[in-house]
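Heads up: the sequence shown runs through residues 1 to 474, numbered per the working numbering.
Beta carbons: idealized from backbone N, C-alpha and C, even for Gly.
Bear in mind the structure is a predicted one, so any value in this text is a computation, not a measurement.
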Amino acid sequence: MIESVRTPRGPRQRVVINLGQLDIPKENWKELANRIEDLLRGYESSTVPISVEIEALARHHTKQILRKQRSEKKETHVLENEQDFRNVDINAVSSSDGKSVGPEHAGLEAMKALGFFDLFRQLGFTDDESNLATLQIVGRLVHPGSERELRRYAKEQSALDELLGCNFSSSVGHNMLYHNSDLLFKHKETIERFLRMRSREIFSLGETIILYDLTNTYFSGGATEYKKAKRGRSKQKRSDRPLVTLGLVLDERGFIKCSRIFDGNVGEPLTLVDMINDIHSQVSRETPPLLVTKPTIVMDAGIASEDNLALIKENGFSYIVVSRSKPEQIGNGSFEQIKEGIKIKEMRIGNETYLHCISDGKMKKEQALVNKARDAMKEEIEYLSEGLNIKRRLKSYPKVLERIGRLRQHYSRVSKGFAIDVKEQKGKAVTITWSFDPSKLGKPYDGSYFIRTDRMDLSKNEIWSLYIMLTSVE
């Protein structure tokens, strides 16, 4: 790639960079050169349509050119009293190759305050291993993702390497990240125990309530070689992917004490109890001792079945869960606002405490989903109705009923609110009338949910705070 420059001897051509062998057609070379020129001038967005391949090549070679220019740049000395005029546009600003540094700086300072780097030295990490571990910790704090995405983030988006005094652009590969993940996992228990002690010291943690929480995450790939990857109910709505279950031990302020990884099929009652007992066995071995009160299991509604709760109680644990259904008897007591947009009412039923919670934010979200589904189903019914008077559109009475049945199945959230009447003549549908009554939806969609626990010693504020804290941790 060459450019024309003026010299005392007239215009001359100068090599900007050697692009090597290009795998794009020759007729696209000019397009590539124009895009590189735009990027060098600071135009991040192309003014004309351009293919993804050419855009990627242009950005790659632009970075090479900028690096070459920086390395070849020589200091120029202006002679004393010599005037040196430059034109500056005070109404414009441009930048290139910008990277994030603020969140990375905060994460790095937190690691320093916790003493991570002293720990890495005690564990025998080399400087490169320590830097990669920092990338894996801070990188996933700032930009959660896979090792592949972490590598892209380190090379193109983050200035963490500049804060560490290294260069991730040339040194970070997929295999290095995988190897370093294995290294961190090898020292998992030591790291967790170290963090537990440091956080207790820094934040004066009392550890008066110990909670066990089970959550899960999914693999984006097949994970065929990993025995713990199993199909199950995904909290991230990805039940189509293999899952693993993460068991966490936390205190009442949400600080994690230790963790375990289990099979993904946590929904089975015996499997659930085995996992909890496994976590409890690990906690019982902690030094200094961690158990000051009876551990409390926290679960979401998906696995909080009556069978699971019965087994949990049989094994000597307590629980805080979101109830799968509202209690049969709801008291007439008044609600108390404990936070802006949050109201709760406490009910004692047998040996359990229920909290009836109403969230304004949850109500708005639910109503938005209902309105969206209602409008979509309404459009489908109107389209079906209009088609009765249009050639080559669906008119067969059985087919129309079948189509309405599928609509009810697809929009199950609002189906009960629709009353649909189809008139038939000679095997054909002639009219479709409908109405919508929100009172028949079967649920109020008012932002209500119920928290259930056998911890009768906790106040309603403590129960709600513990549950919300855990949802934030997850």
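Does the beta-carbon distance from residue i to residue j come in below 8 angstroms?
| i | j | result |
| --- | --- | --- |
| R413 | V370 | yes |
| D496 | T245 | Because the chain spans 1 through 474 in this model, residue 496 falls outside it and cannot be assessed. |
| S396 | G427 | yes |
| I349 | P327 | yes |
| L388 | G417 | no |
| Y467 | V298 | yes |
| K155 | V142 | no |
| T353 | I463 | yes |
| P242 | K230 | yes |
| V16 | I65 | yes |
| I279 | G247 | yes |
| I404 | I390 | no |
Apply the 10 Å Cβ neighbour rule to residue i and answer buried if 16 or more other Cβ atoms are within range, or exposed otherwise.
| i | result |
| --- | --- |
| D213 | buried |
| D89 | exposed |
| Y383 | exposed |
| N315 | exposed |
| I338 | exposed |
| D104 | The sequence given here has Glu at residue 104, not Asp. Under this definition E104 is a buried residue. |
| Y43 | exposed |
| D127 | exposed |
| D437 | exposed |
| L39 | buried |
Residue i to residue j, Cα distance in whole Å?
| i | j | result |
| --- | --- | --- |
| L458 | N308 | 22 angstroms |
| N18 | S472 | 52 angstroms |
| I312 | F450 | 19 angstroms |
| S4 | H60 | 22 angstroms |
| L114 | G206 | 18 angstroms |
| S100 | G333 | 52 angstroms |
| K460 | I344 | 8 angstroms |
| K112 | T190 | 17 angstroms |
| T433 | K443 | 24 angstroms |
| D182 | S323 | 38 angstroms |
| I303 | N265 | 10 angstroms |
| I381 | K423 | 14 angstroms |
| G221 | S146 | 11 angstroms |
| G361 | I210 | 29 angstroms |
| R374 | E402 | 19 angstroms |
| S318 | I261 | 21 angstroms |
| I2 | K63 | 16 angstroms |
| E336 | V321 | 20 angstroms |
| Q236 | E109 | 31 angstroms |
| T208 | R200 | 12 angstroms |
| E386 | S325 | 40 angstroms |
| G139 | A106 | 12 angstroms |
Nearest CA to the CA of residue i: which residue from the options?
| i | options | result |
| --- | --- | --- |
| C166 | D182, T134, T47 | T134 |
| F203 | Q122, A159, D251, S171 | D251 |
| R35 | D23, P49, R140, D240 | P49 |
| A301 | T215, D97, T47, R392 | T215 |
| R193 | D274, E109, V283, L132 | V283 |
| K94 | R41, G107, F125, A106 | Contrary to the premise, residue 94 reads as Ser rather than Lys in this sequence. Out of R41, G107, F125, A106, R41 has the C-alpha closest to the C-alpha of S94. |
| G124 | S170, K186, S96 | K186 |
| G341 | K364, M347, Q329 | K364 |
Would you check whether the ligand ATP has a heavy atom nearer than 7 angstroms to the C-beta of residue i?
| i | result |
| --- | --- |
| Q409 | Absence of the ligand ATP is noted for the structure shown, with no ligands found whatsoever. |
Checklist line | Contact the region 140-153 vs the region 174-182: 3+ CB pairs below 8 angstroms | finding: Result yes; three or more Cβ-Cβ pairs closer than 8 angstroms.
Note to self: Below 8 angstroms, how does it come out for the region 50-57 and the region 18-37: are there three or more Cβ pairs, yes or no?
What the structure shows: yes
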